[in-house]
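To keep things clear, I will list the structure first and then write my remarks on it.
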Amino acid sequence: MINHLVVIGAGLIGGSFALAMRRRGLVGRITGIGRGRANLEEAVRLGVIDAIGGSVAAAVADADLVLIAIPVGAMSALFRELAWALPPGAILIDAGSTKQDVIAAARAALGSKIGQFVPGHPIAGAERSGAAAARAQLFEGKPVILTPLAENRAADVDLVEDLWAACGARVERMAQGDHDRVFAAVSHLPHLAAYALMADLAERADADTYFRFAGSGFRDFTRIAGSHPEMWRDIALANRDALLDELDTYIDKLEAIRGLIEARDGQSLENLFARARQARHNWIEGTLT
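At the far end of the sequence shown sits residue 289, using the working numbering, and the numbering has no gaps.
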């Protein structure tokens with residue numbers, strides 16, 4: 001039982017965690033902190049949080065658990081504020097999509113309190129944002145990656161794992177470097193591809209013609225281009241090295257496909273498409289090894 005949960009960033013992820021905890025009877029009261037007053041008032045109206053914190057320091061003074069669910073680029077300043085405000089018994093967790101930069105910022109700011117921070121990443125995003133997008137079922141069946149620190153108490157890591165599991169998530173532990181490398185490929189790169197295609201078409205003089213005839217395939221491919229621009233700006237810069245490697249690899253594959261089309265090599269093109277189709281089928285069916 002968490003007597004007092006503080007959610008810093010009461011949007012899709014933070015709000016959904018709060019609702020999931022409340023639905024399972026795991027929390028006494030929930031305080032929300034954020035930059036947008038209107039969003040926080042909406043969070044209160046929807047029952048996502050119980051109260052709006054006047055300041056970070058005041059809100060966390062008696063907190064048992066603090067969840068940071070803000071863009072990763074804003075975390076350094078927040079860690080500096082929490083360095084003196086976080087009470088000794090509180091556990092600090094995050095929902096950042098990158099881990100090496102977040103952990104480095106936490107180490108630089110939290111000092112002796114670094115052991116209270118249990119880093120994590122719920123893989124349950126959506127293109128909608130804000131408290132109105134939050135839902136208690138968001139994490140059901142979804143992965144949550146924990147990247148524990150050597151300074152963490154085993155009991156704290158176990159508790160955080162149990163809380164995410166109680167929200168319906170499938171919890172796994174991973175090294176921070178492995179996390180950033182994997183998600184550069186399966187999350188960050190796809191977002192860049194979707195943003196790039198939308199930006200390209202939108203900047204054309206006859207963009208309205210393209211969008212008028214775009215169908216479900218285009219809609220599905222570009223869905224994630226509706227995601228929060230500030231958040232994805234921060235993610236792209238935070239995971240710069242791994243993302244550049246993945247971009248280079250992806251560009252090489254596109255160049256290879258371009259070469260097959262230019263050479264009118266239909267058989268090789270079909271073979272590549274067939275391998276990709278089979279890989280996707282195996283992934284969806286859970287048989288990809």
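Even glycine gets a Cβ: it sits at the ideal position worked out from N, Cα and C.
Three-way DSSP call (helix, strand, coil) for T287 in this model: In the structure shown, T287 sits in coil (DSSP, three-state: anything other than H, G, I, E or B).
Reduced DSSP category for L67 - H, G, I as helix; E, B as strand; rest coil: DSSP places L67 in the strand class (E or B) of the three-state scheme.
Residue environment, G32, which counts as buried when at least 16 other CB atoms sit within 10 Å: Counting Cβ neighbours within 10 Å, G32 comes out buried, since at least 16 surround it.
Other residues of its chain near R135: CB distance less than 7 Å, five sequence neighbours each side excluded: Closer than 7 Å at the Cβ level, and outside the excluded window around R135, lie S16, L19.
Coarse secondary structure for L138, derived from DSSP in three states: For L138, the secondary structure class from DSSP, reduced to helix, strand or coil, is coil.
Simplified DSSP state of A51, which is helix, strand or coil: A51: strand per DSSP, three-state reduction.
Secondary structure of R170, DSSP reduced to three states: DSSP places R170 in the strand class (E or B) of the three-state scheme.
Where T249 sits in the DSSP three-state scheme: DSSP places T249 in helix when its eight states are reduced to three.
Which residues DSSP lists as bridging I93, in chain order: L67, V118, per the DSSP bridge assignment.
Best match in L46, R35, G9 for proximity to R22 [C-alpha to C-alpha]: The shortest Cα separation from R22 among L46, R35, G9 belongs to L46.
Bridge partner(s) assigned by DSSP for P143: In the DSSP output, where bridge partners are listed per residue, P143 has R170.
Own chain partners of N239 with C-beta closer than 7 Å, once the 5 adjacent residues on each side are dropped: Sequence-distant partners of N239 (beyond 5 residues in either direction) whose C-beta falls short of 7 Å from its own C-beta, in its chain, are T98, D180, A184, H188.
Three-state class that DSSP yields for R35 in the structure shown: Reduced to three states, the DSSP call for R35 is coil.
Segment limits, beta strand (DSSP E) that includes I224: Annotation for I224: no beta strand (DSSP E) segment contains it, and DSSP assigns it neither H nor E.
Short Cβ contact (8 Å threshold) for G9 with I70: For G9 and I70, yes; Cβs fall inside 8 Å.
N39, buried or exposed, once every other Cβ within 10 Å from all chains shown has been counted against 16: Per the 10 Å Cβ criterion, buried.
Cα-Cα separation between D62 and D101, rounded to whole angstroms: Note on geometry: alpha-carbon atoms of D62 and D101 lie some 28 Å from one another.
Those residues which DSSP pairs with L78 across a bridge: For L78, DSSP records no beta bridge to any residue.
Pair within 8 Å by beta-carbon distance, F139 and G168: Yes, they are a contact pair.
contact_flag[the region 106–120, the region 142–150] where n(CB pairs < 8 Å) is 3 or more: Verdict: yes, contact present.
Inter-residue Cα distance where the pair is G36 and A83: Rounded to whole angstroms, the separation of the alpha carbons of A83 and G36 is 23 Å.
Assigned exposure category for V186 - 16 Cβ within 10 Å defines buried: The residue in question, V186, is exposed, as its Cβ has fewer than 16 Cβ neighbours within 10 Å.
Cβ-based burial, A225 [other Cβ within 10 Å; buried from 16]: Residue environment for A225: buried (at least 16 other C-beta atoms within 10 angstroms of its C-beta).
H191: first and last residue of the uninterrupted beta strand (DSSP E) it sits in: The continuous stretches of beta strand (DSSP E) do not include H191, which lies in the alpha helix (DSSP H) extending over residues 189–202.
Whether R24 touches A166 by CB criterion (8 Å): For R24 and A166, yes; Cβs fall inside 8 Å.
Opening and closing residue of the alpha helix (DSSP H) in which L110 lies: Segment 100–110, the alpha helix (DSSP H) holding L110.
Whole-angstrom distance between L269 and A276, CA atom to CA atom: Their backbone Cα atoms lie some 11 Å apart in a straight line.
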